[in-house]
Amino acid sequence: MKRKEIAIIGGGPAGLMAAEVLSQRGHCVTIYDSMPTVGRKFLLAGKSGLNITHAEDYARFATRFGSAFERLRTALDAFTPDDIRAWAGGLGTETFVGSSGRVFPKAMKASPLLRAWLGRLEAQGVRILTRHRWEGFAEEGCVFTTPKGQEVVRGDAILLSLGGASWPRLGSDAAWVPWLKDKCVEINDLHPANCGFDVDWSETFRDRFAGAPVKSVTATSDAGTLPGEFVITQNGIEGSLVYAHAANLRDRLEREGNAGLALDLVPGRSMERLSRDFARQGTKASFSSRLRKGAGVEGVKAALLREIAPEAGRADPQQLSQIIKALPLSILKPRPIAEAISSAGGISWSGIDEDYMLKALPGVFAAGEMLDWEAPTGGYLLSACLATGRAAAAGIDAWLQRQG
C-alpha cells in the first residue's frame, strides 16, 4: 500500500507529538512551521524549568480543564501524566516531582528534551520545513508563503496545530481564525487565559513596588481560596496565584463588569489572634510598628494594605484584623491576550468529531490550543497539547484506513 502523505501545520508540542505517532505508523509526515525553528513556545516554557505535567491524583488532574473536561477525557486517559513521564524518559529526560506536585525534567530546561525529540522524528523520516507560513486554503490545497515563494500543498490528511493567540511573536497569532470561519468552522472568541490583570494603582505605589513579589498569601474568588504568591506590576498584578483565578476573574468581568480577589495577608494567623495582638499595641505606636509587631506585615504587604484600605490605620483591632484577612483587591481588565501564557476559546467542540476531524472539512484535523479548552498552569497545558496531538494522530490514522 502506498504511504499516505500527511501535512502537519504548526511545530509546537501537539504537532510534534502527532508527527511522532503518525510516522511510527508508517505514514509520510511533513511539518510546516512559520518560524525559523520549531518548538519556540516549548523552549520559552523551559526557561523557568519546563513544567511538563502534574503528579496529583489522576481523577483530580482530569478535571482541571474546565467545561472541555468531558471531550478531553478520552485523549487524557490515553496519555496520562505517568505516560508523559515515561515518554520523556524514553528520550533521555529523567523527571522529578516538585513540592507542589509539578513535574520537571531533572535538567530543569527544555532544550535537551526537544533536541532528542527532533532527533527521533528525523530518524523516523519526518520532514520539517520552517519559514513556511500557512496562508489559508485554495481549491488545490493549503497555501504557504515560503522563502522560495508561494507553494500549494495537498496531503491525504492535514492536521492543524497552530496554537491559540498568546505569544504571537513565537508563532501563535490566530491568523487561522478567519480562514476557518470562511469554511463554516465554528470558532468561539479567543480570550486571554493564565493572564495578569490591570489594577488602578496610585503612581506612588506603582513606582515604588512594581516588580515586588507578594508572598505567603491566600486569594479568594468564586473559584475558591488558594495559597501562593503574585507580583505587583506597572499595570496591575500577575503570577501563579493570579493565573489560578484568571478564568473566574475574566468571566466575571465579562458577565458583571466587576471582579476582584479577597487577599488574606497573614493566612497563618487567625482573626482572633490578630485582634488580640493588635489590642496589645500601645496607642502611641505608629501604624507601621503596629502592623509589624501585631501581624508581621511590612514591606510590600503593608504598602498594599495602605493602597487599598487607607482608612486601616484608624481602624480598631477587630476591624483592622478583618481588613488584613480579607483585603479587597479590585481588578479592571485582563492584560492583552498577546501577553497571556495561554488562551481560551477556539474551534468549538461541536464542530469536531471523535477523531478530532473538522466536520466542515473532511480530512482536516485539529489539536492543541486551537481547540476550545483552557487549564491552569502547573503542567496541564502541555499535557493536554501532547494528549490531543496523539489523539488527533490516532484519528487521522483511523480515517485514512477507512478511506482505503
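Numbered by the numbering used here, the letters in the sequence shown go through residues 1 to 404 in order.
By construction, the Cβ of each residue, glycine as well, lies at the ideal position given by its N, Cα and C atoms.
Just so we're clear, the structure is a prediction, and the values are computed from it rather than from any experiment.
Handout entry: Classification of F96 by the beta-carbon crowding that lies within 10 angstroms, buried from 16 upward
Key = Translated into positions along the sequence shown, residue 96 becomes position 96. With fewer than 16 other CB atoms across the displayed protein chains lying within 10 angstroms of its CB, F96 is exposed.
Problem - Pair within 7 angstroms by beta-carbon distance, A392 and F365 - result: For the purposes of this step, residue 392 is identified with residue 392 of the sequence shown, where counting begins at 1. For the purposes of this step, residue 365 is identified with residue 365 of the sequence shown, where counting begins at 1. In contact: A392 and F365 (Cβ atoms closer than 7 angstroms).
Handout entry: Buried/exposed call for R290, threshold 16 Cβ in 10 Å
Key = The residue you call residue 290 lines up with position 290 of the sequence shown. Residue environment for R290: buried (at least 16 other C-beta atoms within 10 angstroms of its C-beta).
Exercise for the section: Mind checking which residues open and close the beta strand (DSSP E) that includes H191? Expected result: In the sequence shown, the residue the question calls residue 191 occupies position 191. Run containing H191: 187-193, per the beta strand (DSSP E) assignment.
Exercise for the section: Use the C-beta contact count for S161: other C-beta atoms within 10 angstroms, 16 or more gives buried, fewer gives exposed. Expected result: Within the sequence shown, numbered from 1, the residue matching residue 161 stands at position 161. Answer is buried; the Cβ neighbour count reaches 16.
Exercise for the section: Alpha carbon to alpha carbon, how far is G368 from L358? Give it in angstroms, no decimals. Expected result: Taking the sequence shown and counting its residues from 1, the one referred to as residue 358 is at position 358. Taking the sequence shown and counting its residues from 1, the one referred to as residue 368 is at position 368. Between the alpha carbons of L358 and G368 lies a gap of roughly 14 angstroms.
Handout entry: Meets three-Cβ-pair contact criterion under 8 angstroms: the region 370-378 and the region 329-336
Key = Result no; under three Cβ-Cβ pairs closer than 8 angstroms.
Exercise for the section: Below 6 angstroms CB to CB, which residues in the same chain sit around A302 once its five sequence neighbours on both sides are set aside? Expected result: Start at 1 with the first residue of the sequence shown, and residue 302 comes out as number 302. By the criterion of a C-beta distance shorter than 6 angstroms, A302 is surrounded in its chain by L291, once the five residues flanking it on both sides are discounted.
Exercise for the section: Go through the region 285-333 residue by residue and report every complete run of the beta strand (DSSP E) that reaches 3 residues or more, in order. Expected result: For the region 285-333, whole beta strand (DSSP E) runs of length 3 or above, ordered along the chain, are 327-331.
Practice task
State the Cα-Cα distance for the pair A246 and S172, rounded to the nearest angstrom.
Solution key: For the purposes of this step, residue 246 is identified with residue 246 of the sequence shown, where counting begins at 1. For the purposes of this step, residue 172 is identified with residue 172 of the sequence shown, where counting begins at 1. Rounded to whole angstroms, A246 to S172 spans 20 angstroms at the Cα level.
Exercise for the section: Please state if the CB of E186 and the CB of G351 are separated by a distance shorter than 7 angstroms. Expected result: Here residue 351 is taken as the residue at index 351 of the sequence shown, counted from 1. Here residue 186 is taken as the residue at index 186 of the sequence shown, counted from 1. For G351 and E186, yes; Cβs fall inside 7 angstroms.
Problem - Where P376 falls: helix, strand or coil (DSSP) - result: As a first step, residue 376 is located in the sequence shown; it is residue number 376 there, counting from the start. Collapsing the DSSP output to three states places P376 in coil.
Exercise for the section: Could you name the residues of the same chain whose beta carbon sits closer than 6 angstroms to that of G345, not counting the 5 residues immediately before and after it, in chain order? Expected result: Residue numbering aside, residue 345 sits at position 345 when the sequence shown is read from its first letter. Hits under 6 angstroms: N188, D189, L190, H191, D372.
Problem - Length of the line joining the Cα atoms of D77 and F104 - result: Within the sequence shown, the letter at position 77 stands for residue 77. Within the sequence shown, the letter at position 104 stands for residue 104. For D77 and F104, the distance between alpha carbons rounds to 21 angstroms.
Exercise for the section: With a 10 Å radius around its C-beta and 16 neighbouring C-beta atoms as the bar for buried, classify R169 as buried or exposed. Expected result: Here residue 169 is taken as the residue at index 169 of the sequence shown, counted from 1. R169 is exposed by the Cβ-count criterion.
Practice task
State buried or exposed for N258, treating a residue as buried only when at least 16 other CB atoms are found within 10 Å of its CB.
Solution key: Mapped onto the sequence shown, residue 258 falls at position 258. Flag for N258 reads exposed.
Problem - DSSP-derived helix/strand/coil call for E369 - result: In the sequence shown, residue 369 corresponds to position 369, counting from 1. DSSP places E369 in helix when its eight states are reduced to three.
Handout entry: Identity of the residue in G119, T74, P81 nearest L91 by Cα
Key = Position 91 of the sequence shown, counted from the start, is the residue given in the question as residue 91. When C-alpha distances from L91 are compared across G119, T74, P81, the shortest belongs to G119.
Practice task
Mark T233 as exposed unless 16 or more other C-beta atoms lie within 10 angstroms of its C-beta, in which case mark it buried.
Solution key: By one-based count along the sequence shown, residue 233 stands at place 233. So T233 ends up on the buried side.
Practice task
Label V199 either buried or exposed according to how many other C-beta atoms from any shown protein chain fall within 10 Å of its C-beta, with 16 as the threshold for buried.
Solution key: Looking up residue 199 in the sequence shown gives position 199. Buried: at least 16 other Cβ atoms inside 10 Å.
Problem - Residue span of the alpha helix (DSSP H) that contains S111, given as start and end - result: Your numbering for residue 111 matches position 111 in the sequence shown. Membership of S111 in the alpha helix (DSSP H) is indicated by the continuous run 111-123.
Problem - Through-space distance from Y380 to R60, alpha-carbon basis - result: One-based indexing of the sequence shown puts residue 60 at position 60. One-based indexing of the sequence shown puts residue 380 at position 380. Rounded to the nearest angstrom, the two C-alpha atoms are 11 angstroms apart.
Problem - Strand pairing of I232, partner residues [DSSP] - result: Within the sequence shown, numbered from 1, the residue matching residue 232 stands at position 232. Beta-bridge pairing links I232 to I237.
Practice task
Look at the alpha carbon of L305 and the alpha carbon of F65, and state the distance between them as a whole number of angstroms.
Solution key: Mapped onto the sequence shown, residue 305 falls at position 305. Mapped onto the sequence shown, residue 65 falls at position 65. Each residue's alpha carbon lies about 34 angstroms from the other.
Problem - Given 8 angstroms, three or more beta-carbon pairs between the region 18-38 and the region 124-131 - result: Yes, since at least three Cβ pairs between the region 18-38 and the region 124-131 fall closer than 8 angstroms, the two stretches touch.
Exercise for the section: Determine the burial state of R85: buried for a count of at least 16 other Cβ atoms within 10 Å of its Cβ, exposed for fewer. Expected result: The residue given as residue 85 occupies position 85 in the sequence shown. The residue is buried, with at least 16 neighbouring Cβ atoms inside 10 Å.
Practice task
Specify whether the region 102-117 and the region 3-11 touch according to this definition: at least 3 beta carbon pairs, one from each stretch, less than 8 angstroms apart.
Solution key: Cβ pair count under 8 angstroms is below three, so no.
Problem - DSSP bridge partner residues for R3 (one or two, in chain order) - result: Translated into positions along the sequence shown, residue 3 becomes position 3. Paired residues: none, contrary to the question.
Handout entry: Alpha carbon of E94 to alpha carbon of L43, nearest angstrom
Key = If you number the sequence shown from 1, residue 94 lands on position 94. If you number the sequence shown from 1, residue 43 lands on position 43. E94 and L43 have their C-alpha atoms spaced approximately 17 angstroms apart.
Exercise for the section: Confirm, please, whether the CB-CB distance from P267 to T204 is below 7 angstroms. Expected result: The sequence position of residue 204 within the sequence shown is 204, counting from 1. The sequence position of residue 267 within the sequence shown is 267, counting from 1. No, the pair does not count as a contact, with Cβ atoms beyond the cut-off.
Problem - Whole-angstrom distance between I347 and S286, CA atom to CA atom - result: Taking the sequence shown and counting its residues from 1, the one referred to as residue 286 is at position 286. Taking the sequence shown and counting its residues from 1, the one referred to as residue 347 is at position 347. Pairing S286 with I347, the inter-Cα distance amounts to about 57 angstroms.
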